[in-house]
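A.B. asks: Structure below; questions to follow.
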Amino acid sequence: MTNPLAGRDLIAIGDLDKEEIVFLLDEAQRFQAQMAQAHRLLLLKGFLLATLFYEPSTRTRLSFETAMHRLGGDVISVANARATSSAAKGESIADAARTVAGYADIIVQRHPAVGSAREAANAVDVPLINAGDGTGEHPTQALLDLYTMRQEQGRLDGLCVALVGDLKHGRTVHSLAQALAHWQVTLLLVSPSALAMPAPLVATLQAAGLQISETDDLRAAVQQADVLYVTRIQRERFTDPAEYERFRGPYRVDRELLAGREKLTVMHPLPRVDEIDPAVDSLPNAAYFRQAANGVWVRMALLTALLGREV
Ligand code: CP
Numbered sequence: 004m005t006n007p008l009a010g011r012d013l014i015a016i017g018d019l020d021k022e023e024i025v026f027l028l029d030e031a032q033r034f035q036a037q038m039a040q041a042h043r044l045l046l047l048k049g050f051l052l053a054t055l056f057y058e059p060s061t062r063t064r065l066s067f068e069t070a071m072h073r074l075g076g077d078v079i080s081v082a083n084a085r086a087t088s089s090a091a092k093g094e095s096i097a098d099a100a101r102t103v104a105g106y107a108d109i110i111v112q113r114h115p116a117v118g119s120a121r122e123a124a125n126a127v128d129v130p131l132i133n134a135g136d137g138t139g140e141h142p143t144q145a146l147l148d149l150y151t152m153r154q155e156q157g158r159l160d161g162l163c164v165a166l167v168g169d170l171k172h173g174r175t176v177h178s179l180a181q182a183l184a185h186w187q188v189t190l191l192l193v194s195p196s197a198l199a200m201p202a203p204l205v206a207t208l209q210a211a212g213l214q215i216s217e218t219d220d221l222r223a224a225v226q227q228a229d230v231l232y233v234t235r236i237q238r239e240r241f242t243d244p245a246e247y248e249r250f251r252g253p254y255r256v257d258r259e260l261l262a263g264r265e266k267l268t269v270m271h272p273l274p275r276v277d278e279i280d281p282a283v284d285s286l287p288n289a290a291y292f293r294q295a296a297n298g299v300w301v302r303m304a305l306l307t308a309l310l311g312r313e314v
């Protein structure tokens, strides 16, 4: 398949069809193999990436920047844009993006407002990638999640995937669930009812053919699933701290819970707070740091594709 993505934005996972997602996963796999031989490629030499982050990030920003450096390109970065960019003086998302597009060939933006990535993309001519827009979407996380599931389990069709935790506010699960709808997957949505996945999204997923069960029984889900995708309760989305405290902790994954489930892949977009016991980290099931590392290959594939370069 020739590169179908040159010059495009990635705002929501629905911007990609199944063929395009598979193209990116396959390209990522080739980059992973290539990077076992070389520390640096020159595919994007002369190109410049701008990362514009209005919300905190470790993995997404640094893996995008790593990907660009590994491809031989350059990076300019604002890591705390709400405080240190002219957003602090009242500059709009659109004006900031338009300005940065004058400096860079591609922009990666994270912002707390749903719809902010689309707003920025509409203001610029260079490709813009949504690195998270509030409780909306995180499409590149969904790509690396699919990549990790495929790598750990050897397939996507036929998997039973349990999404656990704050499914109301978690943008990673919103994007991932939509991406999984391209495959024959059974989805278990495991959360307290107050943090359930939004009903319109569940209806959309069901209409797309996903088999879905909603439950608050983590122990039962662990027995059924091939992949346990754990998420943290999103403290920053709660206006009432007492409400956050009420939901914290009941879905903790520990070694006792995973006993006898050697083939179960445990994933987490990270950061974790206390929802996975660190004692789990040394089990072969624990894929979450491999998952975070996979972000580099997937983002190398995406940057190369959007900038119109072939591997
Ligand atoms: N998974 C993820 O988005 O992590 P960061 O918030 O550290 O970028």
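For the sequence shown, this note's numbering assigns the number 4 to the initial residue and increments by one for each residue that follows. Positions of the beta carbon are idealized from the N, C-alpha and C atoms, including for glycine.
#1: Confirm, please, whether the CB-CB distance from G105 to L306 is below 9 Å.
#2: Using 8 Å for Cβ pairs, my map puts F50 next to L310. What's the rounded Cβ distance?
#3: Which of the three DSSP states, helix, strand or coil, is assigned to G298?
#4: On a Cα-Cα basis, can you pick out the residue from V167, G135, V78 and N297 that is closest to A199?
#5: Jot down the residue ranges of each uninterrupted alpha helix (DSSP H) in the region 151 to 181, minimum 4 residues, whole runs only, in chain order.
#6: Per DSSP, what are the beta-bridge partners of N133 in this structure?
#7: So, helix, strand or coil for Y254, using DSSP?
#8: Identify the residues that DSSP records as bridge partners of S80: which are they?
#9: If I measure Cβ to Cβ from R85 and keep anything under 7 Å in the same chain, skipping five residues before and after, which residues do I get?
#10: Any heavy atom of ligand 1 closer than 8 Å to the CB of H141?
#11: Taking 8 Å as the cut-off, does the CB of G135 come closer than this to any heavy atom belonging to ligand 1?
#12: So which of L146, A97 and P281 has the shortest CA-CA distance to D128?
#13: Give a yes or no on whether the C-beta atoms belonging to I14 and A53 are separated by under 9 Å.
#14: With a threshold of 9 Å between beta carbons, is R293 in contact with chain B?
#15: Contact check, R101 vs A120 under 8 Å by CB: the rounded distance?
#16: Reducing DSSP to helix, strand and coil, say where Q35 ends up.
#17: Pop quiz: L179 and I215 are said to be a contact at Cβ under 8 Å. What is the actual Cβ separation, rounded to whole angstroms?
#18: For the alpha helix (DSSP H) that S196 lies in, which residues bound it at each end?
#19: Could you check the C-alpha separation between E122 and A184 for me, to the nearest Å?
#20: Going by DSSP, what residues sit across from Y232 in a beta bridge?
#21: When you compare only the Cα positions, how much space is there between D229 and L261?
#22: Is the distance from the Cβ of E278 to the Cβ of R255 below 9 Å?
#23: Under a Cβ-count criterion, where at least 16 other Cβ atoms within 10 Å of its own Cβ denotes burial, should Q209 be classed as buried or exposed?
#24: Give every residue of the same chain whose Cβ lies closer than 7 Å to the Cβ of R275, excluding the five residues on either side of it in the sequence, and list them in chain order.
#25: I think R64 touches R43, with their Cβ atoms under 8 Å apart; what is that distance to the nearest whole Å?
C.D. replies: On the basis of the supplied data:
#1: L306 is not a Cβ neighbour of G105, given a cutoff of 9 Å.
#2: Going by Cβ atoms, the distance from F50 to L310 rounds to 6 Å, so yes, they are a contact pair.
#3: Correct three-state label for G298: helix.
#4: Closest by alpha carbon: V167.
#5: Not a single unbroken stretch of the alpha helix (DSSP H) spanning 4 or more residues falls wholly within the region 151 to 181.
#6: Within the DSSP bridge table, the entry for N133 names Q112 as partners.
#7: If DSSP states are grouped into helix, strand and coil, Y254 belongs with coil.
#8: Residue pairing by DSSP places S80 opposite T54 in a beta bridge.
#9: Close CB contacts of R85 within its chain, under the 7 Å cut and outside five residues either way in sequence, are with Y57 and A91 (chain order).
#10: Because some heavy atom of ligand 1 lies under 8 Å away, the Cβ of H141 counts as near it: yes.
#11: Correct: G135 has its Cβ closer than 8 Å to ligand 1.
#12: For D128, the closest alpha carbon among the candidates L146, A97 and P281 is that of A97.
#13: Between I14 and A53, the C-beta spacing is not below 9 Å.
#14: Looking for chain B here will not work: only one protein chain is present.
#15: That belief does not hold up - the Cβ atoms of R101 and A120 are roughly 14 Å apart, past 8 Å.
#16: Note: Q35 maps to helix in three-state DSSP.
#17: L179 to I215, Cβ: 13 Å. No contact.
#18: Careful: S196 lies outside any alpha helix (DSSP H) and carries neither H nor E.
#19: Going from the Cα of E122 to the Cα of A184 covers about 26 Å.
#20: The partner list for Y232 (beta bridge, DSSP) reads L166 and M270.
#21: The alpha-carbon atoms of D229 and L261 are separated by roughly 12 Å.
#22: A contact, by the Cβ cut-off of 9 Å.
#23: Result: exposed.
#24: Counting only Cβ-Cβ distances below 7 Å, and skipping sequence neighbours, we find R235.
#25: About 20 Å separates the CB atoms of R64 and R43; that is not less than 8 Å, and the two are not in contact.
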